[in-house]
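Report on the following structure.
Residue numbers (full-length UniProt numbering): 1 to 958.
Structure follows, in structure tokens:
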């Protein structure tokens, strides 16, 4: 009996599962670095003037079952009413084969953004399917790989409309009054910073307004009316006004496509294609446009290219729009994407096929028609005569109806004056129709659904006027025809998964993106119906569980960040940047300082920073870095002084993008505050702060926190993310709010940045579980081990790959930049060659050529064990030896395992003409004899892909 009960329990605590290295491995790595304890290491690295004396209090860590039981009790406080609210959110049925093999599969949800296409062909194909689905439904030739949600897609459409319009003197954007109110809210917010005037009016008055550069029109209005848009679009186009159409994907299965009507841009939410409401998100938005506008399109586009062998291969197209190249000139933040949700929506279409989608859409419409007939027979007046899934009822006794609905545990739309709205969906049943009629009329319904349905079939009346009906086929590509049995679907998902390299196979050592463990226990709650089935606009008393969760998570983030308030709305890190800058802007305007518009950004900053500043209506001024990679204080002070009372803020990342704890960070804050500016501290590198220091301690005013990085929400192949912002007290009243949901305790009434009041609420349980299981000391230890792992890699590789930037005493923070330029100068091998050769060794490449060209940025995270770190180090050292063999003349510069990497399985069956062996090509490391990741394509031909943009599914013979 050598251990106490507490020690025995600690041995099974989650923190020991989350942190990769064992105690013995930690000691060995510390010894390599010449220190004895983690505390000693962090004292040598974290500047004393910002170091916390003790870890912030978030409670003791729990074991997995304890945290799950606690969260289950919280979830039970949510009331699962049946919601017929609509407004862009609908009940849906995710096929279990997709839930089990995709949503709950770490091979899909732990993958990174497909910047390295050779290890991403599976999810790239899945996204190409999604794009083909949207191309078919919208009738436009070009679709993106998703945006954050329908409201932000509408805001992006407005910005794009101005970019492509011919009349740059026009400054007004028309929005039909019947667009969902949350969409109008977000569009107004974006217009506020871009200097546009929003005109909200009836569709019939769209042509009456002058100085318009664009218009946002609904194919189906918020109240349910199906509009005939052809005449309005034709008239607007005659005036060279860019037409943007909001559309419902299931309605588009039946209705004539907006592209056929002449629309320039079409957008909407793919939520009802198999994705739960989840109290607001995450959900993938879709976005399509005309081919001539492709260079102005926001977000990511997946394109068909070819590899070095000439075979078709997929990649993210038009990558010159990436933030690190175009910066403030970027069309949008490239991070605005919802890959996992787009994949689910695309696979929903693959699984159901065109006939299945048509049956679902026709069933919803038929049920809506039966409900309309039953209500009319009961004397209820309907506001519109043409509908798809939504009816608006003109009623006198609205209060009584809503009370009856509440007794039946039913939610109806209640924000319409003297009217209620009812929206049906895939989950609606015949019994629901009878219940709804009883709720509205207060009497037992006499409707004979079966008889009435049979009569409708006999009459063969079209569901819509002929001019509105789709007469073109959809989803004709074979991928939408084949996988309709569960066996075929399961195998297809597995085939695509095997093409990708995710965290379930190997470390993803990406700098600045923190690809840490996404624990199974953290992921379990997102599929609980108590969290997944709630409508974001349900009455707050039905979402008490969510409110408890949001409040607790907010308080923990306040404790860990040193801020005074949290806004949970932003649904990506880039959106968090924008929301933080918007908050600063609103605060300064309230102080009668609208002239403040200069945003100082260090040259080393993330590319999303200047793009966000531009979106927030600010002018970017770049601040130089010194030769050590730190912010040049003299240049900062000079430019702050030059800006004077026009200085709005500075955006800094800490630890810096160069991977060091800058000693003068407090001085940076003081200089900016001295000139009346605010300090925005980018939370991208919070994984090296938690428990050791905090933005509030440093002196910042606002930060966003990447919950999909530091707080363990998975990247999902490039989304979802959550980027809440923390603010000091003086900014708390200026964070984004909401126009539909009233919650004075948690929301302001200011304009929103996302459609839902709490953004992607359904994945907040992941971060709640992470913090609850780690506890105060566990979170601190995670930061310390992240720093330890990075320094261990830096120390073990510095002799061959010099670490470009060091902090005090020769240490880095939680990431390090390896300089590959000497390798290229000596041996002719580039950072690209090293990155692609790492694939042959079974690793995803580190971040390449950012923030410095010719380098690799490595961030191992605290979740990787010493064995995995040593495997990566051995691979890098072996690659160095291979480069030396090129210099020694063993292989030529044009034919060696580095420049030919990665090597595919198919190559082994072909004639082998290389001067190195097949074994060396594909089994360069000893362990690979029993465990091998096989890339399915060779190195991508980016030039070909840029010149031949194709964003739809390949013909089957390709």
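All residues carry an ideal CB built from backbone N, CA and C; glycine is no exception.
For a test of the three-state rule: what should DSSP assign to residue i, helix, strand or coil?
{"i": "residue 174", "result": "strand"}
{"i": "residue 276", "result": "coil"}
{"i": "residue 492", "result": "helix"}
{"i": "residue 440", "result": "helix"}
{"i": "residue 417", "result": "coil"}
{"i": "residue 892", "result": "strand"}
{"i": "residue 829", "result": "coil"}
{"i": "residue 706", "result": "coil"}
{"i": "residue 241", "result": "coil"}
{"i": "residue 668", "result": "helix"}
{"i": "residue 254", "result": "coil"}
{"i": "residue 653", "result": "strand"}
{"i": "residue 430", "result": "helix"}
{"i": "residue 545", "result": "helix"}
{"i": "residue 755", "result": "coil"}
{"i": "residue 598", "result": "strand"}
For residue i, collect the residues of the same chain with a Cβ closer than 8 Å to its Cβ; drop the 5 residues on either side in sequence, then sort them by chain order.
{"i": "residue 435", "result": "408, 410"}
What residue does the alpha helix (DSSP H) around residue i start on, and which one ends it?
{"i": "residue 878", "result": "866-887"}
{"i": "residue 350", "result": "339-377"}
{"i": "residue 165", "result": "Note, residue 165: premise wrong, no alpha helix (DSSP H); not H, not E."}
{"i": "residue 394", "result": "Taken as a continuous stretch (DSSP letters only), residue 394 belongs to no alpha helix (DSSP H), being part of the beta strand (DSSP E) at 390-394."}
{"i": "residue 23", "result": "23-33"}
{"i": "residue 125", "result": "121-138"}
{"i": "residue 583", "result": "573-590"}
{"i": "residue 72", "result": "64-75"}
{"i": "residue 796", "result": "764-797"}
I need the straight-line Cα distance from residue i to residue j, nearest angstrom please.
{"i": "residue 817", "j": "residue 622", "result": "22 Å"}
{"i": "residue 248", "j": "residue 361", "result": "11 Å"}
{"i": "residue 103", "j": "residue 526", "result": "10 Å"}
{"i": "residue 908", "j": "residue 832", "result": "23 Å"}
{"i": "residue 34", "j": "residue 55", "result": "25 Å"}
{"i": "residue 75", "j": "residue 69", "result": "10 Å"}
{"i": "residue 255", "j": "residue 954", "result": "26 Å"}
{"i": "residue 424", "j": "residue 149", "result": "21 Å"}
{"i": "residue 608", "j": "residue 574", "result": "6 Å"}
{"i": "residue 731", "j": "residue 283", "result": "29 Å"}
{"i": "residue 321", "j": "residue 606", "result": "Interpretation of residue 321 is limited by its pLDDT of 45, a score under 50 that renders its predicted location unreliable; the figure taken from the coordinates is listed afterwards. Straight-line Cα distance between these residues: approximately 14 Å."}
{"i": "residue 729", "j": "residue 563", "result": "8 Å"}
{"i": "residue 920", "j": "residue 866", "result": "25 Å"}
{"i": "residue 312", "j": "residue 549", "result": "47 Å"}
{"i": "residue 887", "j": "residue 246", "result": "59 Å"}
By Cβ distance, which residues of its chain are closer than 7 Å to residue i, with the 5 residues on each side in sequence left out?
{"i": "residue 36", "result": "30"}
{"i": "residue 805", "result": "628, 629, 658, 659, 660, 817"}
{"i": "residue 3", "result": "none"}
{"i": "residue 194", "result": "159, 617"}
{"i": "residue 884", "result": "827"}
Using a Cβ-Cβ cutoff of less than 6 Å, which residues in the same chain neighbour residue i once the five nearest sequence positions on both sides are dropped?
{"i": "residue 506", "result": "842, 843"}
{"i": "residue 770", "result": "522, 711, 712"}
{"i": "residue 691", "result": "55, 779, 780, 783"}
{"i": "residue 828", "result": "893"}
Taking 7 Å as the cut-off, is the C-beta of residue i nearer than that to any heavy atom in the ligand SAH?
{"i": "residue 439", "result": "Questions concerning the ligand SAH fall outside what the structure shown contains, since it holds no ligand whatsoever."}
Got a sec, what are the start and stop residues for the beta strand (DSSP E) residue i sits in?
{"i": "residue 941", "result": "Here residue 941 belongs to no beta strand (DSSP E), and DSSP marks it neither H nor E."}
{"i": "residue 680", "result": "678-682"}
{"i": "residue 615", "result": "Where residue 615 is concerned, there is no enclosing beta strand (DSSP E), although the alpha helix (DSSP H) it sits in stretches over 608-615."}
{"i": "residue 266", "result": "265-269"}
{"i": "residue 517", "result": "Careful: residue 517 lies outside any beta strand (DSSP E) and carries neither H nor E."}
{"i": "residue 305", "result": "302-306"}
Can you find at least 3 beta carbon pairs, one from the stretch 578-594 and one from the stretch 692-704, that sit closer than 8 Å? yes
Looking at C-beta atoms only, is the number of pairs between the stretch 506-521 and the stretch 142-161 that lie closer than 8 Å three or more? no
For the stretch 205-221 and the stretch 151-163, state whether three or more C-beta atom pairs, one from each stretch, are separated by less than 8 Å. yes
Evaluate contact between the stretch 813-829 and the stretch 848-861, counting only Cβ atoms and requiring at least three cross-stretch pairs below 8 Å. yes
Are three or more beta carbon pairs between the stretch 737-750 and the stretch 532-550 nearer than 8 Å? yes
Would the stretch 297-305 count as touching the stretch 936-955 if we require 3 or more Cβ pairs under 8 Å? yes
Specify whether the stretch 663-681 and the stretch 633-645 touch according to this definition: at least 3 beta carbon pairs, one from each stretch, less than 8 Å apart. yes
Tell me whether the stretch 102-121 and the stretch 259-272 touch, counting them as touching only if at least three CB pairs, one residue from each stretch, are closer than 8 Å. no
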